[in-house]
Structures are given as C-alpha cells and as structure tokens.
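A short write-up of the structure that comes next.
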Amino acid sequence: MKSCEEITKLVSQALDKKLNISESISVRLHNLICKVCKTNEKQMKFLHKALKILSANQDSCEDISSDAKDRIRQKIEEALILTES
C-alpha cells in the first residue's frame, strides 16, 4: 500500500491529468482506510475548482468590492471546514 505522501502526490497529479488504472485504484483503496487523505483529496479538488473559476473570471474580479471578496473568502473557509468534518 502506498504512503499518505505518495497518495497526496497522485491526487495532485490527478487534478491535471488522468491517472492510470493502477494509480487510480491505489488512491481509492487508500482513501477507503485513510480519512485524512480522503479529506485532503476533497479539499484539493475544491480548491482546484475554485481557482479555475477565479482565474477564468479574473478580469471581472477587479470590479468586486472588498466586502464581497471578504464574504467569498469566508464562504470558502466555511466550505473547507465542512469538508474536514
């Protein structure tokens, strides 16, 4: 079985490219027994998705008020806390 560090690297790679079947199975099996890595994967996927959205809308983000940005930041932090539970 792969270590948590190896699984974290694979999860990170999976955000950018499709893993081969062996790697994919390793991640799934590891996540069945390791809640920390499962939570880590959820957080990484959430952040990756959020960053893709933010980078796609970067020009329009300049028009958002500081208060709105703070509210968005707060919602992201709340979502991260929920995925840890």
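In this text, residue positions in the sequence shown follow the working numbering: the first is 58, and each later residue adds one. Glycine is no exception: its CB is placed at the ideal position from the N, C-alpha and C atoms.
Taking the beta carbon of residue i as the centre, do at least 16 other beta carbons fall within 10 Å, making it buried, or is it exposed?
i, result
"Asn97", "buried"
What separation, rounded to the nearest whole angstrom, lies between the Cα atoms of residue i and residue j?
i, j, result
"Ser83", "Arg130", "33 Å"
"Arg85", "Lys74", "16 Å"
"Ile64", "Cys94", "7 Å"
Consult DSSP for residue i and reduce its assignment to one of helix, strand or coil.
i, result
"Cys94", "helix"
"Ser123", "helix"
Please give the ranges of any alpha helix (DSSP H) in the region 59-86, keeping only runs that are unbroken, at least 4 residues long and fully inside the region. Runs of the alpha helix (DSSP H) inside the region 59-86: 61-71.
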